[in-house]
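> If you read the sequence shown in the UniProt record's numbering, its first letter stands for residue 1, the second for the next number, and so on. Can you read through this structure? Questions will come right after.
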Amino acid sequence: MRGQDDFYHICTNGMNRKLMFRCEEDFISGMNSIPVCSASAGIRIYAFCLMDNHVHFIAKGPEQACISFIRLYKRLRSSWAGSRYGEKTPFGDADISISCIDTAEYLLTAIAYVLRNPVAAGLPVMPWAYRWSSASLYFRGGQLSLPGSRRISEMSISEQRSVLKSRAGFPDTYIIEADGVIFPGCYTEYEAVEKMFASPKRMLYYLSKNDDISVALESGIVAKARYRDSEIANSLDWLCMEKFHCRKFSALPIERQYLMAKELRRRYGCPTSQISRVTGLDPDLLREMLG
């Protein structure tokens with residue numbers, strides 16, 4: 001039976017058509033939205049990972065508070081995309097999964113799964129080298145000083161709003177990195193996670209376990225494609241040039257855009273949902289065409 005204050009794996013699946021994070025500024029904004037949303041919902045964050053088309057959080061709090069957290073997070077990401085890219089509610093169709101974590105063993109497995117996401121997606125980095133997650137926080141031996149960082153208390157209100165691009169209020173003790181990222185150690189319960197794993201060796205053991213399928217099924221999130229959306233998107237234009245001598249996918253006639261969809265399936269084995277996200281083509285027509 002679920003208590004008032006449980007651990008939850010909170011995540012979204014890959015959106016039908018839109019990328020949640022397209023560039024570094026998108027990721028920075030996404031990072032800084034985490035403490036805003038967790039403070040508003042009254043939950044605590046233990047681990048997280050932001051990928052280009054979905055997000056994962058391990059959090060503790062009442063179930064309804066966790067739901068409020070991810071709904072607010074989606075709204076802030078939609079607002080950001082609306083002002084930056086002129087899109088209206090682009091992430092409204094991002095399905096939310098909130099799974100209660102009911103055993104200590106599954107909690108360690110779920111944390112490792114979240115932190116291993118970049119590796120599972122094919123990125124050529126170790127988990128702790130991926131900037132947009134909490135992986136680099138754990139077992140640092142207390143070395144949390146960051147070159148060029150400052151505390152909120154050292155910044156004026158106008159400077160805070162300029163750097164953080166937010167009117168939200170933050171604790172004076174929060175540390176802001178040189179590029180405007182709120183240091184995730186300020187709002188992530190990394191010391192509690194260290195106690196859960198007890199040692200770096202044990203954490204590495206869980207990170208090396210291949211439980212991705214079981215966690216994905218438990219959370220209701222389908223296993224991700226081999227290639228990230230951003231990699232497929234970046235290949236579109238040069239594929240257009242190669243096949244049709246056209247510099248931009250968007251400049252192709254619609255019938256050739258669907259031919260490009262077939263080429264993406266042939267070359268990369270992309271699922272229909274990913275092709276639709278990257279190209280903006282109608283998912284129902286793609287399913288009919290690609291099977």
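Cβ atoms here follow ideal geometry from the backbone N, Cα and C, with glycine treated the same way.
1. Could you tell me which whole beta strand (DSSP E) segments of length 3 or greater appear in the UniProt domain "Transposase IS200-like" (4-117)?
2. If you run the structure through DSSP and keep just helix, strand and coil, what is Ser-250?
3. Considering only the beta carbon of each residue, do Leu-107 and Met-196 sit closer than 8 Å?
4. Roughly how many angstroms lie between the CA atoms of Ser-235 and Val-119, to the nearest whole one?
5. Residues in its own chain within less than 8 Å of Lys-262 by CB, not counting five upstream and five downstream?
6. If you follow the alpha helix (DSSP H) that Ile-275 is part of, which residue opens it and which one closes it?
7. Please tell me whether Pro-184 and Leu-137 are closer than 8 Å, where the distance is taken between their beta carbons.
8. Report yes or no: do three or more beta-carbon pairs, one from the segment 60-72 and one from the segment 21-28, lie closer than 8 Å?
9. Taking Gln-257 as the reference, which of Ile-43, Phe-244, Tyr-190 has the closest Cα?
10. Of the choices Ser-208, Pro-147, Glu-194, Phe-170, whose alpha-carbon is the least far from that of Ala-178?
11. Under the rule that 16 or more other beta-carbon atoms within 10 Å means buried, what is Asp-172, buried or exposed?
12. Go ahead and pull the three-state DSSP assignment for Ser-153.
13. Considering Cα atoms alone, identify which of Ala-41, Pro-283, Leu-286 is closest to Lys-60.
14. If you follow the alpha helix (DSSP H) that Arg-287 is in, where does it begin and where does it stop?
15. Is it right to say Phe-7 is buried, meaning 16 or more other beta carbons lie within 10 angstroms of its own, or is it exposed?
16. Does DSSP put Ser-166 in a helix, a strand or coil?
17. For Ile-157 versus Tyr-174, is the C-beta distance shorter than 8 Å?
18. In terms of residues, what are the limits of the alpha helix (DSSP H) holding Tyr-205?
19. Kindly indicate which three-state DSSP category Ser-133 falls into: helix, strand or coil?
20. Tell me the rounded alpha-carbon separation between Ile-43 and Glu-191.
21. Hey, could you find the ends of the alpha helix (DSSP H) Met-196 is sitting in?
22. Could you round the C-beta distance between Tyr-46 and Thr-188 to whole angstroms and report it? I think they count as a contact, below 8 Å.
23. Rounded C-beta distance between His-54 and Cys-11? I'm assuming under 8 Å.
24. So who's on the other strand from Ile-232, going by DSSP bridges?
25. Inspect the beta-carbon positions of Leu-76 and Cys-37 and report whether they are closer than 8 Å.
26. Nearest to Arg-140 by CA position, among Arg-131, Met-126, Pro-200, is which residue?
27. For Ala-135, is the classification buried or exposed, using 16 other Cβ atoms within 10 angstroms of its Cβ as the cut-off for buried?
28. Using the C-alpha atoms, what's the distance from Ser-83 back to Arg-277?
Quick answer:
1. DSSP runs (the beta strand (DSSP E)) wholly in the UniProt domain "Transposase IS200-like" (4-117): 6-12, 44-50, 55-61, 96-101.
2. The answer is helix: DSSP assigns Ser-250 an H, G or I state.
3. Yes, Cβ-Cβ distance for Leu-107 and Met-196 is below 8 Å.
4. Whole-angstrom Cα-Cα distance: 20 Å.
5. Answer for Lys-262: Met-289, Leu-290, listed in chain order.
6. Membership of Ile-275 in the alpha helix (DSSP H) is indicated by the continuous run 272-279.
7. Yes, the Cβ-Cβ distance between Pro-184 and Leu-137 is below 8 Å.
8. The segment 60-72 makes no contact with the segment 21-28, as fewer than three CB pairs between them are under 8 Å.
9. The candidate whose alpha carbon is nearest that of Gln-257 is Phe-244.
10. Nearest of Ser-208, Pro-147, Glu-194, Phe-170 to Ala-178, Cα basis: Pro-147.
11. Asp-172 is classed as exposed because its beta carbon has fewer than 16 other beta carbons within 10 Å across all chains shown.
12. If DSSP states are grouped into helix, strand and coil, Ser-153 belongs with the helices.
13. Of the candidates Ala-41, Pro-283, Leu-286, Ala-41 places its Cα closest to the Cα of Lys-60.
14. Run containing Arg-287: 283-290, per the alpha helix (DSSP H) assignment.
15. With 16 or more Cβ atoms within 10 Å of its Cβ, Phe-7 is classed as buried.
16. DSSP places Ser-166 in coil when its eight states are reduced to three.
17. Contact annotation: Ile-157 and Tyr-174 have beta-carbon atoms that are not nearer than 8 Å.
18. Looking at the DSSP string, the run of the alpha helix (DSSP H) that includes Tyr-205 is 200-208.
19. The three-state reading of DSSP puts Ser-133 in strand, counting E and B together.
20. Each residue's CA atom was taken as its position, placing Ile-43 and Glu-191 some 16 Å apart.
21. That run of the alpha helix (DSSP H) goes 190-197.
22. About 7 Å separates the beta carbons of Tyr-46 and Thr-188, which is inside the 8 Å limit, making them a contact pair.
23. About 7 Å; that satisfies the 8 Å criterion.
24. Residue pairing of Ile-232 in beta bridges, as defined by DSSP: absent, with no partner found.
25. In contact: Leu-76 and Cys-37 (Cβ atoms closer than 8 Å).
26. For Arg-140, the nearest C-alpha among the options comes from Pro-200.
27. Flag for Ala-135 reads buried.
28. Cα to Cα, Arg-277 sits roughly 20 Å from Ser-83.
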